[in-house]
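Chemist: Take this structure first; my questions come after.
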Amino acid sequence: MSNIYTLGMALSSPFSVRTGVRQGGILSPVLFAVYVDVLVRRLKCANIGCKTFDIYYDCLLYADDIVLLAHTSKSMQQMLNICTEFVVDHDVKFNDTKSVAMRVGPCFNVACKSLELDDKALVDSVKYLGVNILAWHHFRCSFEHVKLKFFRAFNCIYTKSKAAGSEINTVELFKSYCLPHITYACKALPFSKTDIH
8 MSNIYTLGMA
18 LSSPFSVRTG
28 VRQGGILSPV
38 LFAVYVDVLV
48 RRLKCANIGC
58 KTFDIYYDCL
68 LYADDIVLLA
78 HTSKSMQQML
88 NICTEFVVDH
98 DVKFNDTKSV
108 AMRVGPCFNV
118 ACKSLELDDK
128 ALVDSVKYLG
138 VNILAWHHFR
148 CSFEHVKLKF
158 FRAFNCIYTK
168 SKAAGSEINT
178 VELFKSYCLP
188 HITYACKALP
198 FSKTDIH
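So for the sequence shown, this note's numbering puts the first residue at 8; every next one is plus one.
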């Protein structure tokens, strides 16, 4: 005879969520992914983004950040129009103060019609996942803010640890607090000789 186990669970009464998912909630990333999947499908069905070896890279997602990639400004505006339709259909709002547009390629500094998302003009600079990406002839990043953070942490530790007289502690503090600033995302980014120097 086999044993049968039951588990009784009490559920709370239903409640409405009016302002999106909870910051830091366990289910928040899953719920966001399910919700935004409709937008991703619409963008892929439009077939107007970047494509490499028959794989579409038109929409990249990380947490609540969305990156759209297109070959032309016309294609990008079409993708932004799809996003605007998604906003209306699903009662969402993009943060237009954090929404930016940038061009990379030979025509990066040529004037063109401004792109619009939800009737807001977008600007020409990008900081994505803590990395400053520059509008340039080719993909290029700026590391000036990284160097500033590194030197700020270095100087703070150095001035405080001089009086302590322990080189081992100072070196360990440098490893813990300074090196992460200077090595952040270094395996994923292309460094020039100037950057390495």
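Where a beta carbon is used, it is the ideal one built from N, C-alpha and C, also for glycine.
In the stretch 81–115, which residue ranges form an unbroken alpha helix (DSSP H) of at least 4 residues, counting only runs that do not cross its ends?
Modeler: The stretch 81–115 contains no whole alpha helix (DSSP H) run of 4 or more residues.
Chemist: State yes or no: is the C-beta of L75 within less than 8 Å of the C-beta of C148?
Modeler: Not a contact, by the Cβ cut-off of 8 Å.
Chemist: Could you give the DSSP three-state label for L136: helix, strand or coil?
Modeler: Here L136 sits in coil by DSSP.
Chemist: I'd like the list of long-range same chain contacts for L124, defined as Cβ closer than 7 Å, with 5 residues on each side in sequence excluded.
Modeler: These residues qualify, in order along the chain: L87, C90, T91, F101, D103 and S106.
Chemist: Measure the Cβ-Cβ separation of D44 and C57 and say whether it is below 8 Å.
Modeler: No, Cβ-Cβ distance for D44 and C57 is not below 8 Å.
Chemist: If you follow the alpha helix (DSSP H) that S35 is in, where does it begin and where does it stop?
Modeler: Element bounds for S35: S35 to A53.
Chemist: Using CA coordinates, which residue listed in L68, I55, V95 and K154 is at the minimum distance from H78?
Modeler: The shortest Cα separation from H78 among L68, I55, V95 and K154 belongs to I55.
Chemist: Indicate, with yes or no, if the ligand ZN has a heavy atom lying under 7 Å from the CB of D71.
Modeler: Absence of the ligand ZN is noted for the structure shown, with no ligands found whatsoever.
Chemist: Quick check: M109 and A160, are their CB atoms within less than 8 Å of each other?
Modeler: No; because the gap between Cβ atoms is not below 8 Å, this pair is not in contact.
Chemist: Might you give, ordered along the chain, the residues of its own chain that have their beta carbon closer than 7 Å to the beta carbon of I140, omitting 5 neighbours on each side?
Modeler: Same-chain partners within the cutoff: M109, V133 and C148.
Chemist: By the DSSP assignment, the alpha helix (DSSP H) with L180 in it spans what residues?
Modeler: Start and end: E174 to Y184.
Chemist: As a quick exercise: from N116, Y42, L136 and K200, pick the residue whose alpha carbon is nearest that of D72.
Modeler: Of the listed residues, the one whose Cα sits closest to D72 is L136.
Chemist: Below 8 Å on the Cβ atoms is my guess for I164 versus F181; work out the distance and round it to an integer in Å.
Modeler: Sure, about 6 Å apart at Cβ, within 8 Å.
Chemist: Look at the alpha carbon of P187 and the alpha carbon of C193, and state the distance between them as a whole number of angstroms.
Modeler: In a straight line, the C-alpha of P187 is about 10 Å away from that of C193.
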